[in-house]
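Counting with mature numbering (1 follows the signal peptide of the UniProt record, and there is no 0), you get residues -25 to -1, 1 to 372 for the letters of the sequence shown. The beta carbon of each residue, even a glycine, is placed where N, CA and C say it ideally should be. Structure first, then comments.
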Amino acid sequence: MTTHKQCTLRAVLTGLLVAPACVAAAPNGTLHQLAKAAGKLYFGTAVDNPELDDPQYRPVVGSGAEFGQITVGNTQKWQFTEPEQNKFDFAAGDVIVDFAKSNSQIVRCHTLVWHNQLPQFVSSGNRDRDSLTRVIESHISNVAGHYKGKCYAWDVVNEALNDDGTFRDSVFNRVLGPDWIPIAFKAAAAADPMAKLYYNDFNIEQPGNKQQAALRIVDLVRGCGATIHGVGFQGHFTVGQTGSKESLASVLNSFAAKDLDVAYTEIDIRHASLPADAQAQQRQADDYAAVVGACLSVQRCVGITVWGASDAHSWVPSTFPGAGDATLLDRNMNPKPAYNRVRDVLAAAGRTEKRKMDGAPWGILRLVTGWTCPWFARHKARRPRPSAGGTFVLPPL
């Protein structure tokens, strides 16, 4: 009797399985590596604290080769970081940030001001403009100040809009009107001048009232003398309703035209009903390919973050009963058709990027004369390379 070991992504990443069948099934390059080769900054995932207790999941999300960026999924939100006024607690958020840093992963910090998960002193307080402004400024100064230098980017303001493009009814909007948004961005810039500052929202991925309202938020922030560097597109889609690559890219370009970075920040694409048959899984793969392809086609799209790496740790089933299987890996960490399709799209883009680089002036000179710039050759050879443990090491000169 022959025993076959299951080729999970965790096994491939950590080198635990070396049977020929497993080697043949291993991805030809990991998502982050392929995204980098295609000219993007990262391919990442969100992580919440309880997930790190899963011994099968932790090595997957901790693989800097597979996911080069981590978003703090929950524990930098207001209810965790300032549960009582002026009493700050960063312990839970620090766990995720330290985990990412230990694996040389970029950190997206999430989020400073959101209408949800607020402590009572914010949501129920009887406040006027001045007192609520001070509450916002103090919170951001302390939280962003604590993580100063550790966050590549902050989602400064999260989900300020209704789907019709009007401002959401929140304590912030009721007291301050839309002024609370530039107030938050000014405070974030003061607290962490090096971080990229983002507005983040869902249902702005396609043309429409909400997308246009998000563009106006950019103008609002800048019109008040505050800094905004980018807009995050959450991308919580349903299979078959994601839209075409061209439509998605057109929206990204509408923001990039305002001299903004853009990023897909919370991607998952859920099946409306389960179980999903082979045809539905292929459609999900097509939808993921459209999202990734849109980002790849827009120069200012810096990267893609999935909202959870595996169906074992997805928010979808508890929020959308009957729906699910929205991520790239199944509950046993096996790559799904969507994972393989994303990998293939990234790999193809990387090959195109390489051809473009080879056709640049240095590449032409090399082709015609055979000459190689010594500095270029030396430093190209020092690019970080994966070690046996999955981390990256820099060869000596």
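(message) For a test of the three-state rule: what should DSSP assign to Thr202, helix, strand or coil?
(response) coil
(request) Have a look at Gly325 and Asn184 and give me their C-alpha separation to the nearest angstrom. (result) 35 angstroms
(request) Please go through the same chain and pick out, in chain order, the residues whose beta-carbon is closer than 7 angstroms to the beta-carbon of Pro94, but skip the five residues on each side of it. (result) Trp53, Gln54, Glu57, Pro58 and Glu59
(request) Could you please give me the residues that DSSP links to Gly100 through a beta bridge? (result) BP columns for Gly100 are empty, so no partner.
(message) DSSP three-state label for Trp53, please.
(response) helix
(message) Taking the beta carbon of Asp73 as the centre, do at least 16 other beta carbons fall within 10 Å, making it buried, or is it exposed?
(response) exposed
(message) In the DSSP assignment, the beta strand (DSSP E) including Lys171 goes from what residue to what residue?
(response) Lys171 to Asp176
(request) Measure the C-alpha to C-alpha separation of Phe351 and Ala10 and round it to an integer number of angstroms. (result) Only weak support is given to the placement of Phe351: the predicted model assigns it a pLDDT of 40, under 50, and the value that follows is read from those uncertain coordinates. Approximately 22 angstroms between the Cα atoms of the pair.
(message) Quick check on the burial criterion: 16 or more other C-beta atoms within 10 angstroms. Buried or exposed for Glu221?
(response) exposed
(request) Determine the closest residue to Val193 out of Gly210, Asp144 and Tyr173, with distance taken between C-alpha atoms. (result) Tyr173
(message) Quick check on this structure: which residue in Gly200, Ala170, Ser98 and Gly100 has the alpha carbon closest to the alpha carbon of Val118?
(response) Ala170
(message) Assuming Arg316 and Ala253 are in contact, meaning their beta carbons sit under 8 angstroms apart, how far apart are those beta carbons, in whole angstroms?
(response) With 8 angstroms as the limit, Arg316 and Ala253 do not qualify as a contact, their Cβ atoms being about 13 angstroms apart.
(request) Could you name the residues of the same chain whose beta carbon sits closer than 7 angstroms to that of Val343, not counting the 5 residues immediately before and after it, in chain order? (result) Confidence in Val343 is poor, its pLDDT being 42 and thus under 50, which makes the residue's placement unreliable; the coordinate value appears in the next sentence. Around Val343: no qualifying Cβ.
(request) Kindly identify the DSSP beta-bridge partner or partners of Asp130. (result) His85 and Tyr173
(request) Buried or exposed for Asp64, please, with buried defined as at least 16 other CB atoms from any protein chain shown within 10 angstroms of its CB. (result) exposed
(message) Quick check on DSSP: helix, strand or coil for Ile339?
(response) Because the pLDDT of Ile339 is 46, which lies under 50, any placement of that residue in the model is unreliable, and the number read from its coordinates should be weighed accordingly. Of the three classes helix, strand and coil, the one that applies to Ile339 here is helix, per DSSP.
(request) Just tell me which of Ile158, His246, Ile279 and Asp262 has its CA closest to the CA of Asp236. (result) Ile279
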